[in-house]
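Novice: Residues in the sequence shown are numbered consecutively from 32, following this note's numbering.
In this text, a Cβ means the ideal position worked out from N, Cα and C, and glycines have one as well.
Here the structure is a predicted model, which is why all the values come from computation and not from measurement.
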Amino acid sequence: MQKVTAGLLVREGRVLIALRKAGKHMGRKWEFPGGKIQPGESPEECLRRELAEELDIEARIGGLVGTARWSNGVVDLEILLYRAEYLSGSFTLHDHEALAWVAPGQLESYDLADSDRELARQAINALQP
Numbered sequence: 032m033q034k035v036t037a038g039l040l041v042r043e044g045r046v047l048i049a050l051r052k053a054g055k056h057m058g059r060k061w062e063f064p065g066g067k068i069q070p071g072e073s074p075e076e077c078l079r080r081e082l083a084e085e086l087d088i089e090a091r092i093g094g095l096v097g098t099a100r101w102s103n104g105v106v107d108l109e110i111l112l113y114r115a116e117y118l119s120g121s122f123t124l125h126d127h128e129a130l131a132w133v134a135p136g137q138l139e140s141y142d143l144a145d146s147d148r149e150l151a152r153q154a155i156n157a158l159q160p
């Protein structure tokens, strides 16, 4: 099972999601930014690296918010959702077509990647006052 990380970045009460590029696996679907954990890398190191590679941002990685498992019969993923605090950088698009800052209650109205739907529910619960 491949472990991947995802970041829950929150700014002014809104959550960052990213639109996957058309032509990629699950293209034109929204997701939490993140990626695959490399050998010898901690989940926190992975997420910090992925946010830098995908978005040109530096982030402080916080606690684990939740986990989800997803499989399509070929790929089996365990996704770890961590809080991430934006520190600096430009939010440049490399692997995505668009970014959106979304109210937590609106997350499920977006066409999320199948692998991120359960994470969205966990994010909503974690962000409730």
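Please classify R42: does DSSP put it in a helix, a strand, or coil?
Specialist: For this step, residue 42 is matched to residue 11 along the sequence shown. Of the three classes helix, strand and coil, the one that applies to R42 here is strand, per DSSP.
Novice: Specify the secondary structure class of R80 as computed by DSSP and reduced to three states.
Specialist: On the sequence shown, residue 80 is found 49 positions in, with the first residue counted as 1. Helix at R80.
Novice: Just to confirm before moving on: does the CB-CB distance between D142 and G120 stay below 7 Å?
Specialist: Position 111 of the sequence shown, counted from the first residue, corresponds to residue 142. Position 89 of the sequence shown, counted from the first residue, corresponds to residue 120. No, the Cβ-Cβ distance between D142 and G120 is not below 7 Å.
Novice: Straight-line CA distance for L39 to A144?
Specialist: Residue 39 sits at position 8 when you count from the first residue of the sequence shown. Residue 144 sits at position 113 when you count from the first residue of the sequence shown. Their Cα atoms are separated by approximately 15 Å.
Novice: Count the CB pairs spanning the region 133-141 and the region 95-105 that are closer than 8 Å, and state whether there are at least three.
Specialist: Flag = no, the region 133-141 and the region 95-105 do not touch.
Novice: Under a three-way DSSP split, which group does E85 fall into?
Specialist: Counting from one through the sequence shown, the residue named residue 85 turns up at place 54. If DSSP states are grouped into helix, strand and coil, E85 belongs with the helices.
Novice: Can you tell me whether S119 is helix, strand or coil according to DSSP?
Specialist: Walking along the sequence shown from the start, residue 119 turns up at place 88. In this structure, S119 counts as strand in the three-state DSSP scheme.
Novice: For M32, which residues of its own chain have a beta-carbon under 6 Å away from its beta-carbon, when the five flanking residues on both sides are left out?
Specialist: Here residue 32 corresponds to residue number 1 of the sequence shown, with the count starting at 1. The residues are D107, E109.
Novice: Name the DSSP beta bridge partners of Q33, please?
Specialist: Taking the first residue of the sequence shown as 1, we reach residue 33 at position 2. Bridge partners of Q33: L108.
Novice: What are the boundary residues of the alpha helix (DSSP H) that includes E149?
Specialist: Along the sequence shown, read from residue 1 onward, the residue named residue 149 stands at position 118. First-last of the alpha helix (DSSP H) with E149: 148-158.
Novice: Under a three-way DSSP split, which group does G136 fall into?
Specialist: The count along the sequence shown starts at 1 and reaches residue 136 at position 105. Here G136 sits in helix by DSSP.
Novice: Over what stretch of residues does the beta strand (DSSP E) that includes G65 continue unbroken?
Specialist: To locate residue 65, count along the sequence shown from 1; it is residue 34. G65 -> beta strand (DSSP E) spans 65-67.
Novice: Have a look at G66 and E75 and give me their C-alpha separation to the nearest angstrom.
Specialist: Within the sequence shown, the letter at position 35 stands for residue 66. Within the sequence shown, the letter at position 44 stands for residue 75. G66 and E75: Cα-Cα distance of roughly 11 Å.
Novice: Based on the DSSP output, what are the partners of E62 in its beta bridges?
Specialist: Position 31 of the sequence shown, counting from 1, holds the residue named residue 62. Bridge partners of E62: A49.
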